[in-house]
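Inspection log for the structure reproduced underneath, given as C-alpha cells.
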Amino acid sequence: MIYADDGSLSQEQRLMRDSCRAFVDDAVTPFIRSNWQREWDMSPGERLPRSILEGAETIGVRTLGVPEAHGGVDLEHDTEVRTFALISEEIARGDSGLADKLVQNWKVSILLREFAPKHLQDKWFPRLLADPQFLLAHCLTEPRGASDRWLPYNVPEAAMHTKAVLKDGHWVINGRKQFISNGFDASLYVVYANTDTSVGMLQGTSSFLVPRDTPGLTVTKCNETMGCRFMNNGELVFEDCRVPADHLLVQNTALGSAGKYFRAGKIIQAAKNLGVGVACFERTADYVQNYVQGGRILIKHQAVALRLADMATRIEAVRSLIERASRAVDEGHPDMDALCNMAKVYASEEIMKVATHALELHGGNGAMLEFGIEKLFRDAAIFLHMDATVDVSRMKIIKTMFPATAGKYAGPEN
Amino acid sequence: MRIMVAVKRVVDPNVKVRLLADGSGIDLTGLKMTMNPFDEIAVEEAVRLRELAIASEVLVVSIGPDKATETLRTALAMGADRGLLIKTDAPIEPLSVAKLLRAAAIEEKPDLILLGKQAIDDDCNQTGQMLAAQLGWAQGTFASNLAVEGDAVTVTREVDGGSQTVRLVLPAVITVDLRLNEPRYASLPNIMKAKKKPIAERQPADYGIVVEQRLEIVRLEEPAGRLAGIKVGSATELVERLRSEAGVLS
Ligand SMILES: Cc1cc2nc3c(=O)[nH]c(=O)nc-3n(C[C@H](O)[C@H](O)[C@H](O)COP(=O)(O)OP(=O)(O)OC[C@H]3O[C@@H](n4cnc5c(N)ncnc54)[C@H](O)[C@@H]3O)c2cc1C
Ligand SMILES: Cc1cc2nc3c(=O)[nH]c(=O)nc-3n(C[C@H](O)[C@H](O)[C@H](O)COP(=O)(O)OP(=O)(O)OC[C@H]3O[C@@H](n4cnc5c(N)ncnc54)[C@H](O)[C@@H]3O)c2cc1C
Numbered sequence: 081m082i083y084a085d086d087g088s089l090s091q092e093q094r095l096m097r098d099s100c101r102a103f104v105d106d107a108v109t110p111f112i113r114s115n116w117q118r119e120w121d122m123s124p125g126e127r128l129p130r131s132i133l134e135g136a137e138t139i140g141v142r143t144l145g146v147p148e149a150h151g152g153v154d155l156e157h158d159t160e161v162r163t164f165a166l167i168s169e170e171i172a173r174g175d176s177g178l179a180d181k182l183v184q185n186w187k188v189s190i191l192l193r194e195f196a197p198k199h200l201q202d203k204w205f206p207r208l209l210a211d212p213q214f215l216l217a218h219c220l221t222e223p224r225g226a227s228d229r230w231l232p233y234n235v236p237e238a239a240m241h242t243k244a245v246l247k248d249g250h251w252v253i254n255g256r257k258q259f260i261s262n263g264f265d266a267s268l269y270v271v272y273a274n275t276d277t278s279v280g281m282l283q284g285t286s287s288f289l290v291p292r293d294t295p296g297l298t299v300t301k302c303n304e305t306m307g308c309r310f311m312n313n314g315e316l317v318f319e320d321c322r323v324p325a326d327h328l329l330v331q332n333t334a335l336g337s338a339g340k341y342f343r344a345g346k347i348i349q350a351a352k353n354l355g356v357g358v359a360c361f362e363r364t365a366d367y368v369q370n371y372v373q374g375g376r377i378l379i380k381h382q383a384v385a386l387r388l389a390d391m392a393t394r395i396e397a398v399r400s401l402i403e404r405a406s407r408a409v410d411e412g413h414p415d416m417d418a419l420c421n422m423a424k425v426y427a428s429e430e431i432m433k434v435a436t437h438a439l440e441l442h443g444g445n446g447a448m449l450e451f452g453i454e455k456l457f458r459d460a461a462i463f464l465h466m467d468a469t470v471d472v473s474r475m476k477i478i479k480t481m482f483p484a485t486a487g488k489y490a491g492p493e494n
Numbered sequence: 003m004r005i006m007v008a009v010k011r012v013v014d015p016n017v018k019v020r021l022l023a024d025g026s027g028i029d030l031t032g033l034k035m036t037m038n039p040f041d042e043i044a045v046e047e048a049v050r051l052r053e054l055a056i057a058s059e060v061l062v063v064s065i066g067p068d069k070a071t072e073t074l075r076t077a078l079a080m081g082a083d084r085g086l087l088i089k090t091d092a093p094i095e096p097l098s099v100a101k102l103l104r105a106a107a108i109e110e111k112p113d114l115i116l117l118g119k120q121a122i123d124d125d126c127n128q129t130g131q132m133l134a135a136q137l138g139w140a141q142g143t144f145a146s147n148l149a150v151e152g153d154a155v156t157v158t159r160e161v162d163g164g165s166q167t168v169r170l171v172l173p174a175v176i177t178v179d180l181r182l183n184e185p186r187y188a189s190l191p192n193i194m195k196a197k198k199k200p201i202a203e204r205q206p207a208d209y210g211i212v213v214e215q216r217l218e219i220v221r222l223e224e225p226a227g228r229l230a231g232i233k234v235g236s237a238t239e240l241v242e243r244l245r246s247e248a249g250v251l252s
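Chains H and W are the protein sequences, given in the same order.
Start counting at 1 in the first sequence, then tack on 80, and there's your number in the working numbering.
Start counting at 1 in the second sequence, then tack on 2, and there's your number in the working numbering.
Right, here's the structure in full:
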C-alpha cells in the first residue's frame, strides 16, 4: 500500500502505528491465515485463543482510554481520535473482529473516565488492566431497533423499552439489549435505560455501570454473525437487575453526553473498515503479481490492472476523509458530526467495493474459505450497518447540515 | 554497570527499495524507516540486564539526521533510560561512526557497549570491531548469548559451523547476532512515557571529529528480476527439472 507520511503525525503516533503493525504481522495475520476453521468454532469462547489478547497486551493496545493515573495510556488528548483511527486500522488489517473487541474497551473506558465516580474507577480500571481477557461492552440497541436512536426520533413513544427505576438506594433495571459488541463475554457493561417516560430519549435516557455478575443480568446468547466473527456479539436480558445508586453514570441526558463516544466511535468504525480494505489490497496485489493466466501474471492483463488501481484509489480516498474527519473531531470543529458520519458511511460502501474486487481478482480461490479472501468480504459487509445503517447515516448527515429544513425522517404516518 | 547501545536508522527491511535514477544510491524519499533489527536485539539485551539490576543505566546513541530521534525514541520506549543524538546529515561510514562512538564512550564512560553485528542497509559489519580497536577494549562479535559475571562477560559467538565461547574483561564491546534474544515491542504506554525521557544532542564537531567520506559508491544494481514460471507436463518432468535446472533435488 502507499506509504505516504505527510508529516502530520507525531513521532509517538508513528511509533504506535509501527508497534501495532509489527504485532499484527508477527502474531495476528499468521494465526488468521493458518486457522481459518477457528471462525466457525461453535463455542464462541474458544474461537480466539487467549494468546492473541495476551499478545495485544504486550503492546498495551487493550487499555487505551484508561487514564495514566490508573496505569493506562495517556494519549495526547488533542489528537486522541486520530490516534485511535491509526491504531484501529492497523489492528483490523490483521483481523477486524479482534479490532472490534479492543476498540469497545477504549470507547467504554472513555465513558468511565468521564462519568464514573472516582471510587468505581479505582475499582474497575485496575481489574481491566490486570486481566488480558477483560472486555467492556456498550449496550444501547434493543429488539425494536436502533435507527430511531441514531436519528434520533425524540418522542416519548420511541423511548427505550429498557427501564430503570430508583428503589431503596438501588436502580432496578428491566429490559433487553441485543446486537451488543463483546456482549457475550464482557466483564463490565455500560447500559442505557429509560428513566423518564414523559419525554423523548434525549431527555429521558440514563446510563449505568453493570458488572457481569450482577443478579438479574443474563447473557442469553452469542449472535452468530457473518463477519468480524472473533468479536462475540451478544444479547442480554435484565430482570429486576439491581445496581447501587452510585452506578448511575449520567442521569437523563446520557445519549447527549455520550456524544464524545459516538463521534470517536464513527471514526474508529471507518478506520477499522479501512484496515479491512488495506488487507484486501495487500493480499490482492500480491496474488496478481504471482498468479498466471493467459500466459502472464495477472497484473499484466489491463482488466486486472484497472481493478487494482480502483481498489487503491478508493482506499486512499477513504483514508483522506478519515484523516479530515478525525482532525475535525479532535479539534471540536462545528462540522464534526457531519464529517464523522460521512467517513463512516463512505468507508463502508467504498471498502465493500474494494472487497468485491479482491474477490473477483482471486477467481475461484476468492470463494474458498481456506484462502481468506471471502473472510475479508464478509468482514467488510458488517460495516454497512454496524453503528447505524448506511441510509440512516446519510439522513443524519443532512439533519446536521440543514437542521432547520431537513425533516425528522421519523414519526407516525397520518 | 552502565551500558551504551548504538542504534541506527535504516530502511524498513519489509519495504521494497528503488534505486536513484543515476544508480548512485537508494531513493529514500518517503520510504518507511525503522531501527536496524540487530540494534533492536542489542537494546533488548541491555534492557534485560537493566531489569535484572545488573546494569544501572542504558544509554542509546544514534548518529544521523534529526529523524534519527525517532529511532532513539523507540529504544527509549523499549526501556532505555536516555538518548544521545550525534547529528549529521552527511552519509556516514563505519570508521566515522566508530570514531564518534569512541568519543561518546570517553565522555559517557560505559562499562559495556552493545551494537548490532551489522546494519541491514549497507551490511558493513565493521563498526563494532573498529570501535573496540580504537578504544583498546575487549571485543566479542556475533554474540548469541552473553552473561555478565563481576567485571567480566562471557560471550557465546556464532561462528561457521558452531559456536565459540570467549570471556571478556570489562570494559568491552559486543556485537550481537540474531539468536541472542527476541526483542520486545515498544508498547503504546511506554511510547508515551518515552516522550518524557531525555535525548541530548551533539554535533561531530563537539568531539573535534570531521565526518569524512572515504568510500565512493561506483554503482548499485538491482538484483536480477524473477523469471516467469513455467507449466510442466507431468510429475516426472517436474522432478527432472527440479533436479537438473533448479538444483533443489539431488
Ligand atoms: C456487528 C454488530 C455490532 C453491534 N454492536 C452494537 C453495540 O455494541 N451496542 C449497541 O448498542 N448496538 C450495537 N449494534 C447495533 C447497531 O447499532 C444496529 O444494528 C444498527 O444501528 C441498525 O439498527 P437496527 O439493526 O435496529 O436496524 P433498523 O433500525 O431496524 O433498520 C432496518 C432498515 O430500516 C431503515 N430505517 C430505519 N429507520 C428508518 C427511517 N426512519 N427512515 C428510513 N429508513 C429507516 C434502515 O436504514 C435499515 O435499512 C451492532 C450491530 C452489529 C451488526
Ligand atoms: C463454487 C465454485 C464451483 C466451481 N465448480 C467447477 C466445476 O464444477 N468444474 C470446473 O471445472 N470448475 C469449477 N469451478 C472453477 C471456476 O470455473 C473458476 O474458478 C472460474 O472460471 C475462474 O477461474 P480461476 O479461478 O482460475 O480464476 P482466474 O482465471 O485466475 O481469474 C483471476 C482473475 O483474473 C482475471 N483474468 C484471468 N485471465 C484474464 C485475462 N486473460 N484477461 C483479463 N483478466 C483475466 C479474471 O477475470 C479474475 O478477475 C468452480 C468454482 C467455484 C468458485
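Idealized CB from N, CA, C, for every residue including glycine.
Residue i: CB within 7 angstroms of a non-hydrogen atom of ligand 2
i        : result
H/Leu289 : no
H/Tyr371 : yes
H/Gly444 : yes
H/Val384 : yes
H/Leu441 : yes
H/Asp140 : Asp is not the amino acid found at residue 140 of chain H; the sequence shown has Gly there. No, the Cβ of H/Gly140 stays beyond 7 angstroms of every heavy atom of ligand 2.
H/Gly374 : yes
H/Ala392 : no
H/Ala435 : no
Exposure of residue i, with buried meaning 16 or more beta-carbon neighbours within 10 Å
i        : result
W/Glu224 : exposed
H/Lys120 : Contrary to the premise, residue 120 of chain H reads as Trp rather than Lys in this sequence. Flag for H/Trp120 reads exposed.
W/Ser64  : buried
W/Ser58  : exposed
W/Asp83  : buried
H/Lys476 : buried
W/Glu53  : exposed
W/Val234 : exposed
H/Met240 : buried
W/Thr31  : exposed
H/Lys346 : buried
H/His199 : exposed
8 angstroms contact criterion, which residue i and residue j should meet: CB distance rounded
i        : j        : result
H/Gly284 : H/Asp276 : 3 angstroms
H/Phe164 : H/Ala344 : 6 angstroms
H/Leu388 : H/Ile379 : 7 angstroms
W/Ala44  : W/Leu137 : The Cβ separation is near 17 angstroms, so there is no contact.
W/Arg75  : H/Gln91  : 6 angstroms
W/Ile88  : W/Ala106 : 7 angstroms
Proximity test, residue i beta-carbon vs ligand 1 heavy atom, cut-off 7 angstroms
i        : result
H/Leu191 : no
H/Phe259 : yes
H/His218 : yes
W/Asp124 : no
H/Cys420 : no
H/Ile462 : yes
H/Trp230 : yes
H/Gly225 : yes
H/Asp459 : no
H/Met466 : yes
H/Cys302 : no
H/Ala244 : no
H/Asn313 : yes
H/Cys308 : yes
H/Asp415 : no
Closer than 7 angstroms: residue i CB and nearest ligand 4 heavy atom
i        : result
H/His381 : You won't find ligand 4 in this model; what it holds is ligand 1 and ligand 2.
- Quick one: any contact between the stretch 340-353 of chain H and the stretch 424-441 of chain H, if contact means 3 or more CB pairs under 8 angstroms? yes
- Cβ pair count under 8 angstroms reaching 3, the stretch 225-242 of chain H against the stretch 278-298 of chain H: yes
- Would you call the stretch 408-422 of chain H and the stretch 477-485 of chain H touching, i.e. three or more CB-CB distances under 8 angstroms? yes
- Message: If contact is defined by three or more beta carbon pairs under 8 angstroms, each pair taking one atom from either stretch, is the stretch 124-132 of chain W in contact with the stretch 85-101 of chain W?
- Response: yes
- Message: Measuring CB atoms only, is the stretch 105-112 of chain H touching the stretch 286-304 of chain H, in the sense that at least three cross pairs come out at less than 8 angstroms?
- Response: no
- Message: Taking contact to mean 3 or more Cβ pairs, one atom from each stretch, closer than 8 angstroms, check whether the stretch 131-138 of chain H and the stretch 312-323 of chain H are in contact.
- Response: no
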